[in-house]
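Asker:
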Amino acid sequence: MRKPIIAGNWKMNKTMAETKDMITALKPLVAEADCDVVLCVPFTDLQTAKKAAKGSNVKIGAENVHWAEKGAFTGEVSADMLKELKVDYVIIGHSERRQYFGETDETVNKRVQAALNAKIKPIVCVGETEAEREGGLTEKVLERQIVEGLKGFKAKDFDKIVIAYEPVWAIGTGKTATATDANNTIGYIRHILAKKFHRSIAEKTRIQYGGSMNVKNCKELMAEEEIDGGLIGGASLKVDDFAYIVNYNK
Ligand code: 13P
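For the sequence shown, the residue numbers in the numbering used here are 1 to 250.
#1: Rounded to whole angstroms, what's the CA-CA distance from W169 to M16? Just pull it up for me.
#2: Classify V77 as helix, strand or coil using the three-state DSSP reduction.
#3: Comparing alpha-carbon positions, which option in E220, A179, G8 and S95 lies nearest K59?
#4: Which runs of the alpha helix (DSSP H) spanning at least 4 residues fall entirely within the region 7 to 94, listed in chain order?
#5: Is G187 helix, strand or coil when you go by DSSP?
#6: Leaving out five residues before and five after F43 in sequence, what residues of the same chain have Cβ atoms less than 7 Å from its Cβ?
#7: Using alpha carbons as the reference points, say which of K11, G234, T138 and K51 lies closest to K86.
#8: Report buried or exposed for Y100, applying the criterion of at least 16 other Cβ atoms within 10 angstroms of its Cβ.
#9: Does the distance between the C-beta of M213 and the nearest non-hydrogen atom of ligand 1 fall short of 7 Å?
#10: Mind checking whether the beta-carbon of H94 lies closer than 7 Å to any heavy atom of ligand 1?
#11: Using a Cβ-Cβ cutoff of less than 6 Å, which residues in the same chain neighbour N57 once the five nearest sequence positions on both sides are dropped?
#12: What first and last residue would you give for the alpha helix (DSSP H) that runs through I251?
#13: Ignoring anything shorter than 4 residues, give me the alpha helix (DSSP H) runs that lie fully in the region 190 to 222, in order along the chain.
#14: Using the Cβ count rule (16 or more neighbours within 10 Å means buried), how would you classify K27?
#15: Please return the same chain residues whose Cβ sits closer than 6 Å to the Cβ of L231, not counting the five positions on each side in sequence.
#16: How should T24 be labelled, buried or exposed, when 16 other C-beta atoms within 10 angstroms of its C-beta is the threshold for buried?
#17: Would K156 pass as a contact of I120 if the rule is Cβ separation under 8 Å?
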């Protein structure tokens, strides 16, 4: 059985003071959650977030990590730096990183390796753009992102790797994939994992849906068999909305 995982992606939002307030308010509201609860926050908020979440079931993640151990990479953060902060998860290959910061499947692959080396669980984002979807390229794009992004990883690595299927056209747009569509596409990702890696990997890997997931649609999405959780942007910035999504089964 795959344990569901609901993760927030704060993107470039919240100061340290706001981080402390939100996590302090959130903790009691999600204490009884049956799923893994994660908040991925800006680098500058990590230490505050870890401290605020201490003793609770809220895990903390970063939003990116560099692949090199150290060196002349101005503005980047290494896996060892995150490890020292006891960060539990890290988002890798978010579509905004691919779109605005030149992230490729190759750099995704290297970043996942760096995270695993530091014993940090990667949340690897994949998803097609609107143009790719309209061009009938969704399956091809997903196959490339999965095969290239996760190339070389072994069965035991997939105990840690989480995949987030985030159709780019659904991110921050209020347009959600229908629950059936999201379920089918995630089923297709499992098919790629079975074909290119191993059936056991397809069965055990947790795959989230992301893209305008909110209080209105979370129950319907989470009811689908293939969907093991959500990666939540906008709705993860509001205590009550995020708590409601985390408690989707209550
Ligand atoms: P929204 O929930 O704001 O659409 O963002 C989704 C996302 O990009 C999560 O990583």
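Ideal Cβ positions, reconstructed from N, Cα and C, are used throughout, including at glycine.
Answerer: Let me lay it out:
#1: When rounded, the distance between both Cα atoms is 30 Å.
#2: coil
#3: Of the candidates E220, A179, G8 and S95, the one whose C-alpha sits nearest the C-alpha of K59 is G8.
#4: As far as the region 7 to 94 is concerned, its whole alpha helix (DSSP H) runs of at least 4 residues are 16 to 30, 46 to 53 and 79 to 84.
#5: helix
#6: A62 and V77
#7: K51
#8: exposed
#9: Result yes, Cβ under 7 Å from ligand 1.
#10: yes
#11: Only V37 meet the Cβ criterion.
#12: Examination of residue 251 is not possible in this model, given that the chain is present from 1 through 250 alone.
#13: 199 to 204 and 218 to 222
#14: buried
#15: A7, N9, A164, Q208 and G210
#16: exposed
#17: no
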